[in-house]
Amino acid sequence: MSIPFIDLKAQYALIEDKVRANMDQVLGHGAYIMGPEIKELEQRLGEYIGSRYALGCSSGSDALLMALMALDIGPGDAVFTTPFTFFATAEEIAMVGATPVFVDIDPVTFNMDPACLEKAINALEARDNSIYPLPRGYEELTPRAVIPVDLFGLAADYDRIESLCKAHHLRIIEDAAQAFGAVYKDRSSRACGFGDIGCTSFFPAKPLGCYGDGGMCFTNDGELEEKLRSIRVHGMGADRYDNVRIGINGRLDSLQAAVLLAKFELFPDEIKARNKVADRYAQLLGEEVITPRVPEGYVSVWAQYSVLARDASHREALRARLNEHGIPTAVYYPIPLHLQTAFRGLGYESGTMPVSERSGERILSLPMHPYLDGATQEHIATVIREM
Ligand SMILES: *Cc1c(COP(=O)(O)O)cnc(C)c1O
């Protein structure tokens, strides 16, 4: 018996007819690019998130790129983000020519630590890297924006991040690639709806995934919405052969939107199911590992269920033992971004982001999907408890 890390087949079995019918619709009308499914999806997901505007786009990475472009962020600008995330978050900052300024994470939520953000902002404003580690060339940078990441499906601490950003005139781009629909305190909008622009991904393994690449930008700001719409299609103006700015080919295709419309019908129930799975893990896993804790008032969408081992060798022993029993695991993220080869030019040294570095050594993600049954979870927990 092999246990899937994410069970997309079980999900497909529930919606096969709907997916095929929706795809047939697209094959029938033939509007493969920007067909009617795009607008319908944007309307439905915008409503669900509680965001005035939603714009489908080609991936989560392109959603971040479009957001940075819409805020006119470029060379000489500093964008604060966490090093404990998927590479794309910081990659897109570099893609527009801006400089990522890394901010360490909270050891419990794995999300940006607002206290570290405050120090990093103060350090950059004071041009003093003894206050907080800053990238090479910081003397020349203008602080412009923050990209908090809602890691593993849990929203970052927006109350504290927003008040800092307001005080220091910084824009916020929410990287909600893993957290579409998560709940943060008593807010009327869900994750994707925070900050100036929220970005998500529909990569198949994300909580709401399509059958290829896809993403979406969300905003309540009409001017930003217009810019994003233009950037999405080569900086178009009045029509697509009138180009008023530099943009990208950032469209979502109709077939992926058709798939998402079918999958979205399951989504609210899937979030409930994911939370049941998480609760069951917490009960079953005992003391062998540290299980994730969701702060009061938050609802995670559990893109990953990530536990902490005691140290690197305990993590590797757990991985090996689970693997022997046919239980797949994953490590997100073994190398924090400030230590990635691609960012060597920023000059960050090992030890500058201690919580991210230690988490990367100890973290282990277990199988997590809405269709994970109790017996399989008990089996996984037994293997871990018997270490
Ligand atoms: C997946 C992911 C992205 C990129 O999304 P793609 O659709 O794969 O381009 C960006 N940020 C985070 C945190 C992600 O997990």
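Per the numbering used here, residue 107 is the first one in the sequence shown, and the count goes up by one each step. Idealized CB from N, CA, C, for every residue including glycine.
{"Check": "Test item: CB-CB of Phe208 and Pro434 under 9 Å", "Outcome": "no"}
{"Check": "Continuous alpha helix (DSSP H) assignments of at least 4 residues falling wholly in the stretch 302 to 374", "Outcome": "328 to 338 and 360 to 370"}
{"Check": "At least 3 beta-carbon pairs within less than 8 Å: the stretch 387 to 401 vs the stretch 456 to 463", "Outcome": "no"}
{"Check": "Sufficient close CB pairs (3 or more, under 8 Å) joining the stretch 277 to 292 to the stretch 117 to 127", "Outcome": "no"}
{"Check": "DSSP three-state assignment for Phe449, whether helix, strand or coil", "Outcome": "helix"}
{"Check": "The alpha helix (DSSP H) enclosing Leu114, as first and last residue numbers", "Outcome": "Leu114 to His135"}
{"Check": "Selected residue, minimal CA-CA separation from Phe216, among Tyr264, Tyr238, Thr191 and Thr205", "Outcome": "Thr191"}
{"Check": "9 Å Cβ cutoff met for Phe308 and Gly141", "Outcome": "no"}
{"Check": "Ordered list of alpha helix (DSSP H) runs contained in the stretch 149 to 197, each at least 4 residues", "Outcome": "166 to 176"}
{"Check": "Nearest residue (CA-CA) to Gly243, options Glu492, His444, Arg250 and Arg233", "Outcome": "Arg233"}
{"Check": "Cβ distance (whole Å) where Gly299 is taken to contact Gly156 below 8 Å", "Outcome": "5 Å"}
{"Check": "DSSP state of Ala436 mapped onto helix, strand, coil", "Outcome": "strand"}
{"Check": "Below 6 Å from a heavy atom of ligand 2 - residues by beta-carbon", "Outcome": "You won't find ligand 2 in this model; what it holds is ligand 1."}
{"Check": "CA-to-CA distance, Arg351 to Pro180, given in whole angstroms", "Outcome": "The residue asked about is misnamed: residue 180 is Gly in this sequence, not Pro. If I take the Cα positions, the gap works out to 14 Å."}
{"Check": "Span separating the alpha-carbon of Leu472 from that of Glu371", "Outcome": "26 Å"}
{"Check": "Beta-carbon proximity list for Leu390, same chain, < 7 Å, skipping 5 on both sides", "Outcome": "Gln483, Glu484 and Ala487"}
{"Check": "Nearest neighbour of Asn355, chosen from Val339, Gln131, Ile303 and Arg464 [CA to CA]", "Outcome": "Val339"}
{"Check": "Where Met459 falls: helix, strand or coil (DSSP)", "Outcome": "coil"}
{"Check": "Cβ neighbour criterion (16 or more within 10 Å) applied to Ser72", "Outcome": "Any question about residue 72 goes unanswered here, given that the chain covers just 107 to 493."}
{"Check": "Nearest residue (CA-CA) to Ile253, options Ala196, Asp292 and His274", "Outcome": "Ala196"}
{"Check": "CB contact flag (Leu230, Leu257, <9 Å)", "Outcome": "no"}
{"Check": "Run of the alpha helix (DSSP H) containing Ile253, from where it starts to where it stops", "Outcome": "Unbroken run through Ile253 is the beta strand (DSSP E), Thr248 to Ile253; no alpha helix (DSSP H)."}
{"Check": "Ala116 to Arg250 span [Cα, whole Å]", "Outcome": "44 Å"}
{"Check": "Beta-carbon proximity of Ile496 to Ile267, cut-off 9 Å", "Outcome": "Because the chain spans 107 through 493 in this model, residue 496 falls outside it and cannot be assessed."}
{"Check": "C-alpha distance - Val365 paired with Met129, whole-angstrom precision", "Outcome": "7 Å"}
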